[in-house]
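Line by line, the protein sequences give chains D and Y.
Mapping to our numbering: the first sequence position 175 is 1384, numbers consecutive.
Mapping to our numbering: the second sequence position 414 is 740, numbers consecutive.
Data first, discussion second: the structure below is written as structure tokens.
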Amino acid sequence: MKQGFSWRVLVFITPALLVYAVFSALPLLDTLRLGLYSTDENGLRSFSGLANYATILHDPQWSASFWNAMLNNLKFFGIHMLVQNPIGLLLAALLSLRKVRFATFYRTVFFLPTLLSVVIVGFVWQLILSPLWGVSERLLGWVGLESWFAPWLGLESSALTTLSLMSVWQFVGMPMMLIYAAMIAIPEDVIEAAVVEGASPWRIFYEIRLPLILPTLGLVTILTFVANFNAFDLIYTVKGGLAGPNYSTDILGTLFYRTFFGYQSQVASPTMGAAVATLMFLVILLGVGFYFLLVQRRLQRFAL
Amino acid sequence: MRTPFHLTATALALVCSGFAHAGNLTIESWRVDDKPLWEDVLLPAFYKANPGITVKFLPTSPPEYDSALNTRLTAGTAGDLITCRPFDVSLDLAKKGYLEKLNGTPGLKNFPESAQVAWQSDDGKNTHCMPMASVIHGFFYNKKIFADLGLAVPVTEADFFAVLDKIKATGKTTPLALGTADQWETNQIVFTGIGPNHWKGEEGRKGLISGKQKFTDPAFVSTWETMAKWAPYLSKGYQAQTYGDSQNLFGSGRAAIYPTGSWDISYFEQNSKVDFGAFKPPVQKAGDACYISDHTDIGMGINSKSKNKADAQTFLNWLASKEFADLYTNKATGFFSLSSHAIEVKNPVAKEMIGWRSQCKSTIRLNAQIMNRGTPSMENELWNVSSQVMNLKMAPKDAAQQIQAGFAKWYAPAK
Chain D
1210 MKQGFSWRVL VFITPALLVY AVFSALPLLD TLRLGLYSTD ENGLRSFSGL ANYATILHDP
1270 QWSASFWNAM LNNLKFFGIH MLVQNPIGLL LAALLSLRKV RFATFYRTVF FLPTLLSVVI
1330 VGFVWQLILS PLWGVSERLL GWVGLESWFA PWLGLESSAL TTLSLMSVWQ FVGMPMMLIY
1390 AAMIAIPEDV IEAAVVEGAS PWRIFYEIRL PLILPTLGLV TILTFVANFN AFDLIYTVKG
1450 GLAGPNYSTD ILGTLFYRTF FGYQSQVASP TMGAAVATLM FLVILLGVGF YFLLVQRRLQ
1510 RFAL
Chain Y
327 MRTPFHLTAT ALALVCSGFA HAGNLTIESW RVDDKPLWED VLLPAFYKAN PGITVKFLPT
387 SPPEYDSALN TRLTAGTAGD LITCRPFDVS LDLAKKGYLE KLNGTPGLKN FPESAQVAWQ
447 SDDGKNTHCM PMASVIHGFF YNKKIFADLG LAVPVTEADF FAVLDKIKAT GKTTPLALGT
507 ADQWETNQIV FTGIGPNHWK GEEGRKGLIS GKQKFTDPAF VSTWETMAKW APYLSKGYQA
567 QTYGDSQNLF GSGRAAIYPT GSWDISYFEQ NSKVDFGAFK PPVQKAGDAC YISDHTDIGM
627 GINSKSKNKA DAQTFLNWLA SKEFADLYTN KATGFFSLSS HAIEVKNPVA KEMIGWRSQC
687 KSTIRLNAQI MNRGTPSMEN ELWNVSSQVM NLKMAPKDAA QQIQAGFAKW YAPAK
């Protein structure tokens, strides 16, 4: 039976819609608008069309920093996808096995870093990895790998990877919880039927659990994507606004911050910053659009 | 019941008139460390001379200061008094009309022309901030380590490296406490600290501004070459060593020499027991004239939207007084008043450093004036390339090339 439009729904939606419009949608639209203006040295704003975007994409200096930030951001995302989400999946799979002792305890432990402030995480890891007072070198020494130690956070070759892994360490609890919730929602009788049929635990995981949680894995992917392309705080805390060494840890968030708010003697340019923010928004929009159009439509929730 | 009404009205009138006379001022600043100094020493002294005005010191941490201040000024919520960075950052605020013009303020007469430049328009006609203090760059050394090894304070670069070699040979202490993780030290302490001896201070700085000299000239390239030679004397893993790490290293007596500026004197006085002295940046050859980076660092201006400009003026004029100069120089150890008053500096290290003014020619940080104005921001670029040079990832001449190219991109005389 098809129901008509219920006006009562409107009553429930309106407050949230208002809050969302005023604090999210309007500022976003205003940012999009601001990106079309430019500021002269006396602070006067004038409409300049797509000039800011032309500068970011065509000026050698700007485009070099923009594409460098974009590439670093992709690496940052890549490492999360390759490390954080598989580990999250593994932990969730292990926790949802029956007969795991202290499952709740482990769950809490793995989730705990997510609740910490990024500033604390950055600070603690900086101390751990410090070549002067850190414990990493000694810990490596105990297993005879002392020569492997390097000032990872200070080297162009390893700084971004190190920061990504710090972020993975902090946020691995998120995918774990989401996947875990999906896994325990799988009805017991399906698993039991498989056990009775003589399926191995591995096969149960691969052929029953995994297909059933695919929509959740898709969700985790898109959440990771959005979070990574909005990331800023950890890099800023550990490496400052210049995202050194030699911009090797510069991601879109830090580039945006430097442009919009200025950094040290770099004078702030809100209009140019808004253009960078708009580009970030477009990247995220494209990613999410791609996911919804091409990926999610093919994932089917199994009716159980 | 008339009496209560009268009472209330009188009380109200009193309160209102109280508000009208007693001004409340707020100070915006990046000097978070100075909060106790303002509250316990400077402001009480001000109140004594100017009863009826109350002042609140509300600092924001240095990296966030500029952006936070900009936001507050745009939104109209910034404090009445604005602590001014030197040159372009403040000039930018003045151009946008956020800072009141101070032309003709009596206190300005107490400062030499050179001290005012940092807060004036390019033509020198308009002044937007009252000068407060400068910092001087140099090196601190651990007196005990020097005495134990029988080392003398180095005068030339050859002496400097000889001293470093001797310290390194002992294998016990780090010769130089410096890291490149935060990047700013490699420019603000090292490049613009030791460089003036290479580019002859103001001569090189003005040469760059007029376009007569280029960063690719030997005077500038050789500065980066000298910096690259420092690398073997830094601690292992200096690429990930932060400024705080370096402070700890020197403060705990584990490093012999600490390249720095005078602002760190008070830090070590409060946080370490190391007995230290200071020496000025070594000259290239014996007998060369010496140059120091005597950087005009802090000024104070009035928010043009302040509702209490009269009191703010009173406050600025007090900042120009001898009383303030004396208090600030001797209590904010390492910040030297820019006024022409004769002040006796009590701290021995600070006294040593301010003494260099009479032995050497002063200059300001190389890129502070005009050169930071364009895009790419030269300050940020210098942080980056100087760190790369010290990390041995970039050749000195490539560093020079990159800075010159970035400069020429927007500055006509540099083309």
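By construction, the Cβ of each residue, glycine as well, lies at the ideal position given by its N, Cα and C atoms.
- Query: Hey, residue 1491 of chain D and residue 1275 of chain D: beta-carbon distance below 8 Å or not?
  - Reply: On the first sequence, residue 1491 of chain D is found 282 positions in, with the first residue counted as 1. On the first sequence, residue 1275 of chain D is found 66 positions in, with the first residue counted as 1. No, they are not a contact pair.
- For residue 1372 of chain D and residue 1458 of chain D, believed in contact at Cβ under 8 Å, the rounded distance: Position 249 of the first sequence, counted from the first residue, corresponds to residue 1458 of chain D. Position 163 of the first sequence, counted from the first residue, corresponds to residue 1372 of chain D. Distance from residue 1458 of chain D to residue 1372 of chain D at the Cβ level is roughly 6 Å; contact confirmed, criterion being Cβ atoms closer than 8 Å.
- Task: Classify residue 1281 of chain D as helix, strand or coil using the three-state DSSP reduction.
- Result: For this step, residue 1281 of chain D is matched to residue 72 along the first sequence. For residue 1281 of chain D, the secondary structure class from DSSP, reduced to helix, strand or coil, is helix.
- 9 Å Cβ cut-off: residues of chain Y touching residue 1362 of chain D: Working through the first sequence from its first residue, we reach residue 1362 of chain D at position 153. What residue 1362 of chain D touches in chain Y: 507, 565 and 566.
- Message: Please report the straight-line C-alpha distance between residue 750 of chain Y and residue 568 of chain Y, rounded to a whole angstrom.
- Response: Residue 750 of chain Y is absent from the model: chain Y starts at 327 and stops at 741.
- Item | Simplified DSSP state of residue 1360 of chain D, which is helix, strand or coil | The residue labelled residue 1360 of chain D in the question sits at position 151 within the first sequence. Correct three-state label for residue 1360 of chain D: coil.
- Item | Pair within 8 Å by beta-carbon distance, residue 385 of chain Y and residue 361 of chain Y | For the purposes of this step, residue 385 of chain Y is taken as the residue at position 59 of the second sequence. For the purposes of this step, residue 361 of chain Y is taken as the residue at position 35 of the second sequence. At the C-beta level, residue 385 of chain Y and residue 361 of chain Y come within 8 Å of one another.
- Message: Looking only at its chain, what residues have a beta carbon closer than 6 Å to the beta carbon of residue 1298 of chain D, apart from the 5 residues adjacent to it on each side?
- Response: In the first sequence, counting from the first residue as 1, residue 1298 of chain D sits at position 89. For residue 1298 of chain D, where only same-chain residues beyond five positions count, the Cβ hits under 6 Å are 1388.
- Task: Give the residues of chain D in contact with residue 461 of chain Y, contact being defined as C-beta atoms less than 7 Å apart.
- Result: Reading the second sequence from its first residue, position 135 is the one you call residue 461 of chain Y. Per Cβ cutoff of 7 Å: no residues; residue 461 of chain Y is ~16 Å from chain D at best.
- How many Å lie between residue 1507 of chain D and residue 1467 of chain D at the Cα? Along the first sequence, read from residue 1 onward, the residue named residue 1507 of chain D stands at position 298. Along the first sequence, read from residue 1 onward, the residue named residue 1467 of chain D stands at position 258. Going by C-alpha positions, residue 1507 of chain D is about 40 Å away from residue 1467 of chain D.
- Item | From D:1215, D:1224 and D:1364, residue whose alpha carbon lies closest to that of residue 1448 of chain D | Translated into positions along the first sequence, residue 1448 of chain D becomes position 239. Checked all of D:1215, D:1224 and D:1364; the closest Cα to residue 1448 of chain D is D:1364.
- Message: Using beta carbons (cut-off 8 Å, strictly below), is residue 1250 of chain D in contact with chain Y?
- Response: For the purposes of this step, residue 1250 of chain D is identified with residue 41 of the first sequence, where counting begins at 1. So, interface residue.
- Query: How many Å lie between residue 1497 of chain D and residue 1279 of chain D at the Cα?
  - Reply: To locate residue 1497 of chain D, count along the first sequence from 1; it is residue 288. To locate residue 1279 of chain D, count along the first sequence from 1; it is residue 70. If you take the alpha carbons of residue 1497 of chain D and residue 1279 of chain D, they lie about 16 Å apart.
- In whole angstroms, what is the alpha-carbon distance linking residue 650 of chain Y and residue 641 of chain Y? Position 324 of the second sequence, counted from the first residue, corresponds to residue 650 of chain Y. Position 315 of the second sequence, counted from the first residue, corresponds to residue 641 of chain Y. Each residue's Cα considered, the two are about 11 Å apart.
- Task: Give the residues from the stretch 1324-1345 of chain D that approach chain Y closer than 8 Å (Cβ to any Cβ), ordered along the chain.
- Result: Within the stretch 1324-1345 of chain D, those residues whose Cβ lies closer than 8 Å to any Cβ of chain Y are, in chain order, 1335, 1338, 1339, 1340, 1341 and 1342.
- Item | Expected contact under 8 Å - CB spacing of residue 653 of chain Y and residue 626 of chain Y to nearest Å | As a working note, residue 653 of chain Y is residue 327 in the second sequence. As a working note, residue 626 of chain Y is residue 300 in the second sequence. Not really, about 15 Å apart at Cβ, beyond 8 Å.
- If you run the structure through DSSP and keep just helix, strand and coil, what is residue 559 of chain Y? Reading the second sequence from its first residue, position 233 is the one you call residue 559 of chain Y. Residue 559 of chain Y: helix per DSSP, three-state reduction.
- Query: Residues of chain D with CB under 8 Å from residue 705 of chain Y, in chain order?
  - Reply: As a position in the second sequence, residue 705 of chain Y is number 379, starting the count at 1. Those are 1473, 1474 and 1475, listed as they occur along chain D.
- What's the C-alpha gap between residue 347 of chain Y and residue 402 of chain Y? On the second sequence, residue 347 of chain Y is found 21 positions in, with the first residue counted as 1. On the second sequence, residue 402 of chain Y is found 76 positions in, with the first residue counted as 1. In this predicted model, residue 347 of chain Y has a pLDDT of only 44, less than 50, meaning its place in the structure is not dependable; the value taken from the coordinates is given anyway. Their Cα atoms are separated by approximately 23 Å.
- Chain-ordered chain D contacts of residue 562 of chain Y [CB-CB under 7 Å]: Residue 562 of chain Y sits at position 236 when you count from the first residue of the second sequence. Near residue 562 of chain Y (Cβ distances below 7 Å), the residues of chain D are 1340.
- Task: Given a cut-off of 8 Å, decide if residue 667 of chain Y and residue 610 of chain Y are closer than it, judged by their beta-carbon atoms.
- Result: Here the question's residue 610 of chain Y lines up with position 284 in the second sequence. Here the question's residue 667 of chain Y lines up with position 341 in the second sequence. No Cβ-Cβ contact shorter than 8 Å links residue 610 of chain Y with residue 667 of chain Y.
- Task: Mind checking the stretch 620-638 of chain Y against chain D and listing, in chain order, the residues whose C-beta falls within less than 8 Å of any C-beta there?
- Result: For the stretch 620-638 of chain Y, which is checked against every Cβ of chain D, not one residue is closer than 8 Å.
- Query: Going along the chain, which unbroken runs of the alpha helix (DSSP H) with 4 or more residues stay wholly within the stretch 644-702 of chain Y?
  - Reply: Listed in chain order, they are 648-657 and 674-685.
- Item | Neighbour list for residue 1453 of chain D in chain Y, Cβ cutoff strictly below 7 Å | Sequence index remark: in the first sequence, residue 1453 of chain D carries index 244 (1-based). Simply 509, 710 and 713.
- Task: For the stretch 442-497 of chain Y, list the alpha helix (DSSP H) runs that are entirely contained and at least 4 residues long, ordered along the chain.
- Result: You should have 469-474 and 483-496.
- contact_flag[the stretch 442-461 of chain Y, the stretch 417-426 of chain Y] where n(CB pairs < 8 Å) is 3 or more: Contact between the stretch 442-461 of chain Y and the stretch 417-426 of chain Y is established, with three or more Cβ pairs separated by less than 8 Å.
- Query: If you measure from the beta carbon of residue 1262 of chain D to each beta carbon in chain Y, is any gap under 8 Å?
  - Reply: As a working note, residue 1262 of chain D is residue 53 in the first sequence. Judged by the 8 Å Cβ criterion, residue 1262 of chain D is not in contact with chain Y.
- Buried or exposed: residue 368 of chain Y, going by 16 or more other Cβ atoms within 10 Å of its Cβ? Here residue 368 of chain Y refers to the residue found at position 42 of the second sequence. With 16 or more Cβ atoms within 10 Å of its Cβ, residue 368 of chain Y is classed as buried.
- Item | Minimum Cβ-Cβ distance from residue 1365 of chain D to chain Y less than 8 Å | Within the first sequence, the letter at position 156 stands for residue 1365 of chain D. Answer yes: the Cβ-Cβ gap between residue 1365 of chain D and chain Y drops below 8 Å somewhere.
- Is the Cβ-Cβ distance between residue 661 of chain Y and residue 584 of chain Y less than 8 Å? Residue numbering aside, residue 661 of chain Y sits at position 335 when the second sequence is read from its first letter. Residue numbering aside, residue 584 of chain Y sits at position 258 when the second sequence is read from its first letter. Not a contact, by the Cβ cut-off of 8 Å.
- DSSP state of residue 585 of chain Y, grouped into three classes? On the second sequence, residue 585 of chain Y is found 259 positions in, with the first residue counted as 1. Three-state result, residue 585 of chain Y: strand.
- Message: If I measure Cβ to Cβ from residue 1431 of chain D and keep anything under 7 Å in the same chain, skipping five residues before and after, which residues do I get?
- Response: Within the first sequence, residue 1431 of chain D is the residue found at index 222, counting from 1. These residues qualify, in order along the chain: 1497 and 1500.
- Item | Nearest residue (CA-CA) to residue 517 of chain Y, options Y:618, Y:604 and Y:537 | Numbered from its first residue, the second sequence carries residue 517 of chain Y at position 191. Checking every option, the nearest Cα to that of residue 517 of chain Y belongs to Y:618.
- If you run the structure through DSSP and keep just helix, strand and coil, what is residue 1434 of chain D? As a working note, residue 1434 of chain D is residue 225 in the first sequence. Of the three classes helix, strand and coil, the one that applies to residue 1434 of chain D here is helix, per DSSP.
- Message: For residue 595 of chain Y, report the span of its beta strand (DSSP E) as first-last.
- Response: For the purposes of this step, residue 595 of chain Y is taken as the residue at position 269 of the second sequence. Unbroken run through residue 595 of chain Y is the alpha helix (DSSP H), 590-597; no beta strand (DSSP E).
- CB contact below 8 Å: residue 696 of chain Y versus chain D: Here residue 696 of chain Y refers to the residue found at position 370 when the second sequence is read from its first residue. Using beta-carbon distances, residue 696 of chain Y does not count as an interface residue toward chain D, since no partner is under 8 Å.
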